[in-house]
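What follows is one structure encoded as C-alpha cells, with my remarks underneath.
Protein chains: 2
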Amino acid sequence: MSRKNDKRDRLVDAADELIYQKTFHTTTLADIAAKADVPLGNVYYYFKVKDEILLAVVQKREAELQSLFTVWDQLPNVRDRLRSFIEENSRGSDTIARFGCSLGSLCQELGKQGGDVALYAANLMRKTLSWVEKQFKALGKEESALSLAEYLIASLQGISLLTLTFKDPAFLHRQSKHLEQWLETA
Amino acid sequence: MSRKNDKRDRLVDAADELIYQKTFHTTTLADIAAKADVPLGNVYYYFKVKDEILLAVVQKREAELQSLFTVWDQLPNVRDRLRSFIEENSRGSDTIARFGCSLGSLCQELGKQGGDVALYAANLMRKTLSWVEKQFKALGKEESALSLAEYLIASLQGISLLTLTFKDPAFLHRQSKHLEQWLETA
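So the sequence lines, in the order shown, correspond to chains A and B. The opening position of the first sequence corresponds to residue 1 in the working numbering, with each subsequent residue numbered one higher. The opening position of the second sequence corresponds to residue 1 in the working numbering, with each subsequent residue numbered one higher.
Here it is as C-alpha cells:
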C-alpha cells in the first residue's frame with residue numbers, strides 16, 4: 001500500500017472512531033488529523049470538508065457490514081444468520097454502554113440535520129433492514145418480512161439506546177435473549 | 001409573573017426547542033439568547049454555563065412528563081393509560097420524522113459524553129420506565145413488569161429512530177398499532 005493511501009486510511013479510521021465516540025458535530029478536522037498523526041495541512045489534500053470524510057467513513061462501514069453479511073449468508077440455516085446478527089450486537093454491549101450503537105447514533109444525530117449527510121447514514125440503515133428482510137423472505141415470510149425486519153431492528157436500536165442511557169450492558173443481553181427466543185417462532 | 005421570570009422562562013423554552021431541533025452540542029448560548037429575544041449579556045445572569053440551561057430544560061421536560069402521567073393515572077383502565085402513552089408518541093410522528101424522539105435523542109447524544117449532563121437525561125428516561133413499570137404492576141404483572149416496560153420503551157425508541165432515519169411517520173404508526181395489539185394480551 002502506498003504511503004498516500006496509508007495516510008488516507010489512517011484519517012478515515014481516526015474519523016470513524018472519533019465520530020462514534022464523540023459525535024460527528026463535535027469532531028473537528030484538527031481532532032482527526034491529530035489522532036491519525038497526519039499534519040492538518042495534509043488533510044485537505046484528501047478531504048476538502050468534513051462531510052467528505054463522513055462519506056468515506058460511511059463507505060468504510062458499509063464495506064464492513066457487507067463483509068459480515070457475506071459471511072452470514074453462507075450459513076445454511078437462515079435462523080442462524082439472524083442469530084449471528086443479534087449476537088454481533090450483543091458482543092459489542094460494553095462499547096454500546098459507552099457510546100451507543102455506531103449506526104443508530106449516527107442516524108439519530110444526522111437525521112436531525114437532514115440533507116446529504118443524513119442520507120449517507122440512512123443508506124446504511126436501509127442496507128441492514130434489507131438484509132434482515134431478505135432473511136425473513138428466505139424463511140417463507142413473503143408478506144410479513146419487512147414488518148418482521150422493522151421489528152427486529154427497532155428492538156435492537158431501542159435497547160441499544162437504553163443500554164447507553166443507563167450505561168448497563170444487561171439491557172442488551174436481556175433483549176438479545178428475548179429476540180433469540182422470538183426468532184424460534186417468528 | 002415578574003419580568004425576570006419571564007426572561008428565564010423564554011430562555012428555557014428557546015433552549016428546549018433548539019436542543020431538540022439541532023442537538024445540545026451545536027446549540028450555543030448566543031443561539032438561545034437570539035431565539036428568546038434576550039440580550040446575550042443577560043443570559044449569564046440566569047445561567048453561567050450551557051450545562052445549567054440544560055438542567056433547566058430537563059427539569060421543564062420532567063414537569064411536562066409528570067403532568068401527562070398525572071392525567072393518565074386518573075384513567076380507571078390501566079391498559080388505557082398505556083394506550084395513551086403509546087398514542088402520545090404516535091401523535092408526534094411528523095415531528096419525530098424531522099427531529100427524532102426528544103428524550104431518546106437527548107439520551108443518545110449526552111450518553112456518549114457521560115458525566116452529569118448524561119445523568120440528567122438518564123433520569124428522565126428512568127422516570128418514564130418507572131411509570132410504565134408501575135402500570136404493568138397494576139395489571140398484576142409483578143414479576144415481569146420491568147421487562148415489559150423495557151420492551152415497550154425500547155420498541156418506541158427504536159421505531160422513533162427508524163422514523164427519523166427514513167423521514168417517514170408510517171414506521172411509527174405501524175409499530176404503534178402492533179404495540180396496541182400486543183398490549184391487549186400483555
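No residue lacks a Cβ here, since even glycine has one placed at the ideal position from N, Cα and C.
| Check | Outcome |
| --- | --- |
| Residue-level contact to chain A via CB, F166(B), 8 Å cutoff | yes |
| Members of the stretch 10–28 of chain B near chain A, C-beta cut-off 7 Å | Q21, K22, T23, H25 and T26 |
| Distance between S176(A) and A10(A) (C-alpha atoms, nearest Å) | Looking at the sequence shown, residue 10(A) is not Ala but Arg. Rounded to the nearest angstrom, the two C-alpha atoms are 34 Å apart. |
| Check whether Q21(B) and G158(A) have beta carbons under 8 Å apart | no |
| Same chain only: Cβ atoms within 7 Å of D168(A), ignoring 5 sequence neighbours per side | A97 |
| Proximal chain B residues relative to L162(A), where beta-carbon distance stays under 9 Å | C107, M125, L129, E150, I153, A154 and Q157 |
| Where T128(A) falls, given that 16 or more other Cβ within 10 Å makes a residue buried | buried |
| Cβ separation of Q108(A) and L161(B), assumed to be a contact under 8 Å, to the nearest whole Å | 6 Å |
| Within-8 Å CB hit, S93(B) to chain A | no |
| Q135(A) classed as buried or exposed, judged by whether at least 16 other C-beta atoms fall within 10 angstroms | buried |
| Listed by chain order, chain A residues near R174(B) by CB distance under 8 Å | S147 and E150 |
| 8 Å Cβ cutoff, K7(A) in contact with chain B | no |
| Under the three-state DSSP convention, the category Q66(B) falls into | helix |
| Chain E residues whose Cβ lies nearer than 8 Å to that of G100(B) | You won't find chain E in this structure, because its protein chains are A and B. |
| Contact set between the stretch 28–57 of chain A and chain B, restricted to residues whose Cβ is under 7 Å from the partner | none |
| CB-CB length for L152(B) against K141(B), believed under 8 Å | Going by Cβ atoms, the distance from L152(B) to K141(B) rounds to 12 Å, so no, they are not a contact pair. |
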